[in-house]
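For the sequence shown, my numbering begins at 115 and goes up steadily by one.
Everything below concerns the one structure shown next.
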Amino acid sequence: MSTLIQAVQPADAAAMNAARTRQTQLTKPAGALGDLEELAVRLAGVFGTDRPHPRGVAVIVAAGDHGVAADGVSAYPAEVTPAMVANFLADTPAGPGGAAVNALARTVGARVYVMDAGVNADLPKHPALVRAARRRGTRNLRIEAAMTREETEALILAGAALARQAIANGADLLIPGEMGIGNTTPAAALTARLLGLDAAEVTGRGTGVDDDRLSHKVNVIREALARTDASDPLEVLAEFGGFEIAAMLGVMLQAAALRRAVILDGFVEGSAALVGVALAPALRDYLFPAGECAEAGHAAQLEFLNLSPMFRLGLRLGEGTGGVLAAPLLLSAAATLREMRTFAEAGIPT
Numbered sequence: 115m116s117t118l119i120q121a122v123q124p125a126d127a128a129a130m131n132a133a134r135t136r137q138t139q140l141t142k143p144a145g146a147l148g149d150l151e152e153l154a155v156r157l158a159g160v161f162g163t164d165r166p167h168p169r170g171v172a173v174i175v176a177a178g179d180h181g182v183a184a185d186g187v188s189a190y191p192a193e194v195t196p197a198m199v200a201n202f203l204a205d206t207p208a209g210p211g212g213a214a215v216n217a218l219a220r221t222v223g224a225r226v227y228v229m230d231a232g233v234n235a236d237l238p239k240h241p242a243l244v245r246a247a248r249r250r251g252t253r254n255l256r257i258e259a260a261m262t263r264e265e266t267e268a269l270i271l272a273g274a275a276l277a278r279q280a281i282a283n284g285a286d287l288l289i290p291g292e293m294g295i296g297n298t299t300p301a302a303a304l305t306a307r308l309l310g311l312d313a314a315e316v317t318g319r320g321t322g323v324d325d326d327r328l329s330h331k332v333n334v335i336r337e338a339l340a341r342t343d344a345s346d347p348l349e350v351l352a353e354f355g356g357f358e359i360a361a362m363l364g365v366m367l368q369a370a371a372l373r374r375a376v377i378l379d380g381f382v383e384g385s386a387a388l389v390g391v392a393l394a395p396a397l398r399d400y401l402f403p404a405g406e407c408a409e410a411g412h413a414a415q416l417e418f419l420n421l422s423p424m425f426r427l428g429l430r431l432g433e434g435t436g437g438v439l440a441a442p443l444l445l446s447a448a449a450t451l452r453e454m455r456t457f458a459e460a461g462i463p464t
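Below, the structure is given as structure tokens:
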């Protein structure tokens, strides 16, 4: 684990400086490409060149169940988690997978990987399903630690291994995604503890709970936070997190260690990123938030990370859907640095 964390090094400052210089010379008015210009510069730092050329896009959807779901924090039953895993893997007339992330991934040419990180069910035998579960679902975080330290580290390393596989298969942009009924509750607990905020400030409606259930959800998280003063990042993850959150953290750390860009989807992914940045501050250099989602705590996560979302579409589905939508923006940003000519190259007087 320490080797993986230590492998995350800051982005290439020299490449970023060269990219900024090149930006001033491209055939456009200064700043005319808006936020794409800073995205392109950050990508130069990730890939170590002022002409970055990211290509493949991979979505790694980790699925896991949560003991706290038994406390009624979601509008949907836990049985939805294994049903959605089957949907991610299903054969459809359009191609593999019948979920939103599959449809969007097909549209942009991204590859979807599906991991059983800890689903509390017998999942279908499928050659594309990556089986990494150590147990069927976490314990109830309200009354005890959701995971052991050993389980936590095992899922982080499983996520890292799948990230290495995706990169070996050609991915330069990695999108951690998740599926797990009740998982905005652990995400809110992690966010509250790591940012020092009250549960009410970072807890949203998740699958669309009503006011009474939202109040109950806040109280469940407060009760969880009150039972331990854990502050070490990995201990906090074990106490309040989820198997799929740990797996996504592994994806992020490994991608950064191998100098690939990570596109953050939403709130649950953001909670994993908070743990990651606490462990390896340089991870932030590799994170590219897709959009600000509708969950209450997502804006607080982005503010703490000092990162700006690329869009605001009111998304709150998860699965990595927002990340897939953002991938063409990042590919386009890199193309401007790589393929546009400078005024001198184009023979245009300035």
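The C-beta atom is built at its ideal place from N, Cα and C for all residues, glycine as well.
Predicted, not measured: the structure shown is a model, and the values here were computed from it.
Where the alpha helix (DSSP H) containing residue i begins and where it ends
i, result
"ASP218", "With the sequence shown as reference, residue 218 is identified as Leu, and Asp is not the correct amino acid for it. Per DSSP, LEU218 belongs to the alpha helix (DSSP H) from 214 to 222."
"VAL350", "347 to 354"
"ASN254", "Here ASN254 belongs to no alpha helix (DSSP H), and DSSP marks it neither H nor E."
"GLN139", "127 to 139"
"ILE462", "Per DSSP, ILE462 belongs to no alpha helix (DSSP H) and is neither H nor E."
"LEU118", "116 to 120"
"VAL323", "Neither: VAL323 is in no alpha helix (DSSP H) and is coded neither H nor E."
"ALA313", "313 to 316"
Euclidean distance between Cα positions of residue i and residue j
i, j, result
"ALA192", "ASP179", "7 Å"
"ALA338", "ASP312", "12 Å"
"VAL222", "VAL334", "39 Å"
"THR262", "LEU378", "26 Å"
"ALA125", "ALA200", "38 Å"
"ARG156", "LEU328", "38 Å"
"ASP399", "LEU416", "13 Å"
"HIS412", "ALA214", "21 Å"
"GLY318", "ALA128", "41 Å"
"ILE295", "GLY434", "15 Å"
"ARG374", "ALA314", "35 Å"
"ALA457", "ALA144", "Note that residue 457 is Phe in the sequence shown, not Ala. Computed Cα separation, rounded: 12 Å."
"GLY291", "GLN139", "38 Å"
"GLU406", "ARG430", "9 Å"
"ASP325", "PHE418", "27 Å"
"GLY232", "PRO403", "26 Å"
"PRO423", "LEU304", "21 Å"
"THR167", "LEU445", "According to the sequence provided, residue 167 is His. The question's Thr does not apply to it. Their backbone Cα atoms lie some 8 Å apart in a straight line."
"ARG278", "LEU147", "33 Å"
"GLU453", "THR464", "20 Å"
"GLY355", "ALA176", "13 Å"
"GLY209", "LEU218", "12 Å"
"LEU271", "MET115", "7 Å"
"GLU353", "ALA344", "8 Å"
"THR195", "MET293", "6 Å"
"GLN123", "ALA158", "15 Å"
"THR468", "ASN131", "In the structure as shown, the chain begins at 115 and stops at 464. Residue 468 is therefore absent and cannot be evaluated."
Residue i (DSSP reduced to helix, strand or coil)
i, result
"ILE335", "helix"
"ILE270", "helix"
"THR206", "strand"
"LEU367", "helix"
"ARG245", "strand"
"MET362", "helix"
"LEU304", "helix"
"ALA330", "Inspection of the sequence shows that residue 330 is occupied by His rather than by Ala. HIS330 falls in the helix class under three-state DSSP."
"THR298", "helix"
"GLN123", "coil"
"ASP149", "helix"
"ARG341", "coil"
"THR275", "First, the amino acid is wrong: residue 275 is Ala here, not Thr. Looking at ALA275 - three-state DSSP - the assignment turns out to be helix."
"LEU237", "coil"
"ALA282", "helix"
7 Å Cβ cutoff, residue i in contact with chain C
i, result
"LYS142", "The chain labelled as chain C is not found in the depicted structure, where only one protein chain is given."
Residue i: first and last residue of the uninterrupted beta strand (DSSP E) it sits in
i, result
"ARG225", "225 to 232"
"PRO290", "285 to 293"
Nearest-angstrom Cβ-Cβ length linking residue i and residue j, presumed shorter than 8 Å
i, j, result
"LEU288", "ALA282", "About 12 Å separates the two Cβ atoms, so there is no contact after all."
"ALA260", "LEU451", "Not confirmed; about 43 Å, so no contact."
"GLY170", "GLY284", "4 Å"
"PRO300", "LEU363", "At roughly 12 Å, the Cβ-Cβ gap does not stay under 8 Å, so PRO300 and LEU363 are not in contact."
"LEU351", "VAL376", "Rounded, the Cβ-Cβ distance is 17 Å, inconsistent with contact."
"ALA392", "ALA121", "Between ALA121 and ALA392 the Cβ distance is about 16 Å, and since that is not below 8 Å, they are no contact."
"ALA460", "VAL316", "The Cβ separation is near 49 Å, so there is no contact."
"ALA361", "MET198", "Contact flag wrong, Cβ pair sits at about 16 Å."
"LEU397", "MET366", "6 Å"
"ILE359", "LEU276", "Wrong, their Cβ atoms sit about 15 Å apart, outside the cutoff."
Item to check | Ranges of the beta strand (DSSP E) found wholly within the region 372 to 457, counting only runs of at least 3 | outcome: For the region 372 to 457, whole beta strand (DSSP E) runs of length 3 or above, ordered along the chain, are 375 to 378 and 401 to 403.
Next on the checklist: Threshold first: 3 residues or longer. Then list the beta strand (DSSP E) segments lying entirely within the region 152 to 203, N to C.
Outcome noted: Runs of the beta strand (DSSP E) spanning 3 or more residues and lying entirely within the region 152 to 203 occur at 170 to 178, in chain order.
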